[in-house]
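Enquirer: Residue numbers (the working numbering): 115 to 501.
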Ligand SMILES: *Cc1c(COP(=O)(O)O)cnc(C)c1O
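1) Counting Cβ pairs closer than 8 Å, one from the region 357-364 and one from the region 462-477, do we hit at least three?
2) Would you list the residues sitting across from residue 418 in a DSSP beta bridge?
3) Name the residue from 247, 223, 347 whose alpha carbon lies nearest to the alpha carbon of residue 239.
4) Give the C-beta separation of residue 176 and residue 196 to the nearest angstrom, bearing in mind that I take them to be a contact with Cβ-Cβ under 8 Å.
5) Using CA atoms only, rank isn't needed, just tell me which of 411, 207, 450, 160 is closest to residue 470.
6) Which residue marks the beginning of the beta strand (DSSP E) containing residue 384, and which one marks its end?
7) Can you pull every residue whose C-beta falls closer than 5 Å to some heavy atom of ligand 1, listed in chain order?
8) With contact counted as at least three CB pairs below 8 Å, one residue from each stretch, are the region 238-256 and the region 274-289 in contact?
9) Between which residues of its own chain and residue 300 is the CB-CB distance below 8 Å, once the five residues before and five after are set aside?
10) Let me know the beta strand (DSSP E) ranges lying completely inside the region 260-335, each 3 residues or longer, listed in chain order.
11) With distances taken from CA atoms, which of 115, 124, 343 is nearest residue 468?
12) Secondary structure at residue 125, three-state DSSP: helix, strand or coil?
13) Using three-state DSSP, classify residue 201 as helix, strand or coil.
14) So, for residue 411: in the same chain, excluding its five sequence neighbours on each side, which residues have a beta-carbon less than 7 Å away from its beta-carbon?
15) Which residues share a DSSP beta bridge with residue 65?
16) Roughly how far, in whole angstroms, is the beta-carbon of residue 449 from the beta-carbon of residue 416, given that I think they are within contact range, below 8 Å?
17) Of the choices 259, 232, 275, whose alpha-carbon is the least far from that of residue 220?
18) What number of angstroms, rounded off, separates the C-alpha of residue 147 from the C-alpha of residue 328?
What follows is the structure, encoded as structure tokens:
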């Protein structure tokens, strides 16, 4: 806490030691099993840390052209994989410059773009939908929900796949998990085998997507390793994993300050210089309640406060916490696990400033990486750049 007291707030701090710890777990997994691990950049794309992460990883995974280019530029020499719900004609040619593996979401797009990809020497994949939901609660993160657009079901495969199109394919891709343990992967892999086991021997690789919470303390690595080995032995495929969260789990802090304390019907509300809607959007979208140093999410003990942002959005509320000591104006509030789905997802709604990024290195010193300001806000909204 004392370390952060002098920082201008709000700001994000990325913890290099924690990134290294996560990287070491993933690299050891790859070493033991021969699987290849990619960083899913949509969760964490602070490229100042790519040189640190690169030695632990096989490369990056992208959700489209810009992330593919970022991975190619900032993790040079490493693999670049891309999956997109649908590719645009005018982007595809440029994408071929950056991507090594290109995964399609439909057999139609595989037919349209596949021959171009093959000519450019790319490894091509198709996302399959094993129709196996293993998560409750977060429906917007369930690609196997009924009516989902994510991936080709076996039914559609049987209607649309032909021998010529199949010959374009080098691998299959599935992504169905979110913050889950390996039991869910085990269940999913059985569904993949049941539905697509007949075509997998013709593939060179199988990409098992992200959502594996591998670096969480209670994660069952042995079951994950069994899944990887099973795929390797049953189908002779190279196995890819592309976690986002697991790479940067618990590797960031969000530092904010109390601006004011108001009260309504007995509820004390601390208004921060930080916003859930702008700076930690998954708090509202997922939703979840982030950890805070010196506070508990359990009601009852300590001093209860609701934490909220200064924006006009009534629902810009982080959650209800019990603090060890009562909060006062000017107090620092330190959120944990703030490296993922934050800096790559934030916004300037209400003209809220974008929090700067800081690096916390192994020696415990802090370096400022960005200088966001009024210009950052203005640039996105109009003619500030005067083309
Ligand atoms: C979101 C996503 C990931 C990363 O998911 P995490 O939950 O951050 O591990 C990987 N691959 C694909 C295709 C994704 O959509």
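Ideal Cβ placement from N, Cα and C applies to all residues, glycine included.
Expert: Answer, in terms of the structure:
1) Counting Cβ pairs under 8 Å, fewer than three are found: no touch.
2) According to DSSP, residue 418 bridges with 436.
3) For residue 239, the nearest C-alpha among the options comes from 223.
4) Contact between residue 176 and residue 196 holds, since their C-beta atoms are separated by about 4 Å, short of 8 Å.
5) Comparing Cα positions, the closest option is 160.
6) Where residue 384 is concerned, the enclosing beta strand (DSSP E) stretches over 381-386.
7) With 5 Å as the limit between CB and the heavy atoms of ligand 1, the residues that fall short of it are 154, 157, 197, 289, 323, 324, 325, 356, 357, 358, 359.
8) They touch, by the three-pair rule.
9) 337, 340, 341, listed in sequence order.
10) For the region 260-335, whole beta strand (DSSP E) runs of length 3 or above, ordered along the chain, are 285-287, 319-321.
11) Answer by Cα proximity: 124.
12) Looking at residue 125 - three-state DSSP - the assignment turns out to be strand.
13) In the structure shown, residue 201 falls within a coil segment according to DSSP collapsed to helix, strand and coil.
14) Only 403, 433, 435 meet the Cβ criterion.
15) The question about residue 65 has no answer, for the chain in this structure spans 115 to 501.
16) Not confirmed; about 17 Å, so no contact.
17) Checked all of 259, 232, 275; the closest Cα to residue 220 is 275.
18) Using only the alpha carbons, I get a separation of about 14 Å.
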